[in-house]
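Just so we're aligned, residue 3 is where the sequence shown starts under the working numbering, counting upward by one. Comments concern the structure below.
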Amino acid sequence: MSTNNSRPSKAERSASAREKAAQMQATQAAAQKRKSLMVKLGVLAAVVVVVALVVVLIVQNNNAKISETGSAPQGGNAAGGILLTSPTTVADTSGIKIDNTNLALKDDRPTTPEPSELTVGAKGEPVNVTLYVDANCVHCAEFESTYGPQLKQWLTDGKITLEYRNVGFLDGGSPSNFSSRGANALACVADQSPAAYLDFATALWGHYDQGEMKNAELSDMAVAAGASDSVKSCIDKGTFRPFVEKTTVTAQNEGVAATPSIFVQGKSVDLASTDFAEAVEAAIKANA
Numbered sequence: 003m004s005t006n007n008s009r010p011s012k013a014e015r016s017a018s019a020r021e022k023a024a025q026m027q028a029t030q031a032a033a034q035k036r037k038s039l040m041v042k043l044g045v046l047a048a049v050v051v052v053v054a055l056v057v058v059l060i061v062q063n064n065n066a067k068i069s070e071t072g073s074a075p076q077g078g079n080a081a082g083g084i085l086l087t088s089p090t091t092v093a094d095t096s097g098i099k100i101d102n103t104n105l106a107l108k109d110d111r112p113t114t115p116e117p118s119e120l121t122v123g124a125k126g127e128p129v130n131v132t133l134y135v136d137a138n139c140v141h142c143a144e145f146e147s148t149y150g151p152q153l154k155q156w157l158t159d160g161k162i163t164l165e166y167r168n169v170g171f172l173d174g175g176s177p178s179n180f181s182s183r184g185a186n187a188l189a190c191v192a193d194q195s196p197a198a199y200l201d202f203a204t205a206l207w208g209h210y211d212q213g214e215m216k217n218a219e220l221s222d223m224a225v226a227a228g229a230s231d232s233v234k235s236c237i238d239k240g241t242f243r244p245f246v247e248k249t250t251v252t253a254q255n256e257g258v259a260a261t262p263s264i265f266v267q268g269k270s271v272d273l274a275s276t277d278f279a280e281a282v283e284a285a286i287k288a289n290a
């Protein structure tokens, strides 16, 4: 009895076995190559992450390295405030030096705010409104959006003086210390182009939803608000960072723990329970 499917010869079986072995080796080699590539890519990714972290740390350290001494900007006071006397002018201050050599947070900070050197307008004079605000604070952005135009109108009418105490409370949550850099930019504008201060403040907090800005972006925003080109160097160098540090630590030591914190004629205004505009109008009427 015959068949068309004859059994493979020994040589043919050997050749088939060698072919299968070669295929298995090729498959294993390809798998090993892929595994090696994945390991290399994993190592590369880890290196990239480490480098990125190092860069962030370097940026944070560089931003944190500020001089212990400096000066207050035009309109600045020893408490760290910038006092506006009209929409385009600041208080006539000069020669105030900042020395933070011994500046440190106290352990026995008050549980309720007790700010020092709050301005109080005398009878017949404009009442004072003091704002503790942070450039990276969402509630400060909301406050500026709500009350900024009214504050400007009161200033225009000569009914108030307005003091900004720009703090860096939220630097810890920023990779670039944006709170302090924003406060420095505000001080630079107050010092060199006070007429542009309010418009820059409006633009700065109006940008909150778009995230933090680099110094160059802060400079461009300041110039667009009417500041002179000279603010660019001030912003980039962090000229008033010692002043901001003084403002921030002093506020914390005096029990100011949140932003915005508002004071009218030296008295705290709780925005959760008090209408801010009504509080100011009441003070204006009482001081007339």
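For glycine and all other residues, C-beta sits at the position ideal for the given N, C-alpha and C.
Contacts around residue i, its chain only, beta-carbon distance under 6 Å, and the 5 residues preceding and following it disregarded
i      : result
Thr204 : Gly150
Lys22  : none
Leu220 : Ala187, Ile237
Leu86  : Val92, Leu164
Ala229 : Val191, Ser195, Ala198
Contact set for residue i: own chain, Cβ-Cβ below 7 Å, skip 5 residues either direction
i      : result
Ile100 : Thr71, Gly72, Ser73, Ala74, Pro244, Phe245, Lys248
Lys154 : Pro89, Leu200
Ala285 : Val129, Val266, Gln267
Thr114 : Gly257
Ser182 : Gly170, Asp173, Arg243, Val246
Ser232 : Gln194
Residue environment, residue i, which counts as buried when at least 16 other CB atoms sit within 10 Å
i      : result
Asn63  : In this predicted model, Asn63 has a pLDDT of only 43, less than 50, meaning its place in the structure is not dependable enough to derive any value.
Lys216 : exposed
Lys161 : buried
Asn104 : exposed
Pro112 : exposed
Val51  : Note that Val51 scores 46 on pLDDT, short of 50, meaning its location in the model is unreliable and no value can be drawn from it.
Met26  : exposed
Thr29  : exposed
Leu55  : Note on Leu55: pLDDT 45, under 50, position unreliable in the model; the coordinate value appears next. Looking at its Cβ environment, which holds fewer than 16 other Cβ atoms inside 10 Å, Leu55 is exposed.
Gln34  : exposed
Asn65  : Only weak support exists for where Asn65 lies, its pLDDT of 46 falling under 50; the value from the coordinates is given anyway. Buried, because 16 or more other Cβ atoms sit within 10 Å of the Cβ of Asn65.
Gly174 : exposed
Leu133 : buried
Thr158 : exposed
Ser18  : exposed
Ser11  : exposed
Gly240 : buried
Thr250 : buried
Gly83  : buried
Lys126 : Before going on, a small fix: residue 126 reads as Gly here, not Lys. Gly126 comes out exposed.
Reference residue i, options the options, closest by Cα
i      : options                        : result
Gly77  : Glu165, Val129, Gln155         : Glu165
Val140 : Val131, Gly213, Ala259         : Gly213
Thr261 : Ala137, Pro128, Ala93          : Ala137
Lys108 : Thr276, Asn255, Lys234, Ala259 : Asn255
Ala143 : Ala124, His209, Gly184         : His209
Glu146 : Val225, Ser96, Trp207, Leu120  : Trp207
Cys190 : Met223, Lys125, Ser88          : Met223
Gln267 : Gly83, Pro128, Lys35           : Pro128
Phe278 : Lys239, Pro117, Val92, Ser263  : Ser263
Thr91  : Gly82, Glu119, Ala284, Pro196  : Pro196
Gln152 : Phe202, Glu283, Leu120         : Glu283
Ala293 : Gly123, Ser118, Arg36, Asp159  : Nothing can be reported for residue 293, as the shown portion of the chain is limited to 3 through 290.
Asn79  : Lys234, Leu120, Asp110, Ser69  : Leu120
Ile98  : Phe242, Ala253, Ala288         : Phe242
Ala185 : Arg167, Gly126, Arg20          : Arg167
Glu116 : Ser270, Val122, Thr276         : Ser270
Asn179 : Ala281, Ile68, Lys37, Ser275   : Ile68
Start and end residues, alpha helix (DSSP H) containing residue i
i      : result
Ser176 : Note, Ser176: premise wrong, no alpha helix (DSSP H); not H, not E.
Lys248 : 243-255
Asn104 : Element bounds for Asn104: n/a, residue is neither H nor E.
Ser73  : Here Ser73 belongs to no alpha helix (DSSP H); instead the beta strand (DSSP E) covers 71-73.
Thr158 : 140-158
Leu200 : 199-208
Val225 : 217-226
Ser11  : Element bounds for Ser11: n/a, residue is neither H nor E.
Enclosing beta strand (DSSP E) for residue i [first to last residue]
i      : result
Phe265 : 263-266
Leu86  : 84-88
Lys99  : 99-101
Lys269 : 269-271
Asn79  : Careful: Asn79 lies outside any beta strand (DSSP E) and carries neither H nor E.
Ile162 : 162-169
Val258 : From DSSP, Val258 is part of no beta strand (DSSP E); its letter is neither H nor E.
Asp136 : 129-136
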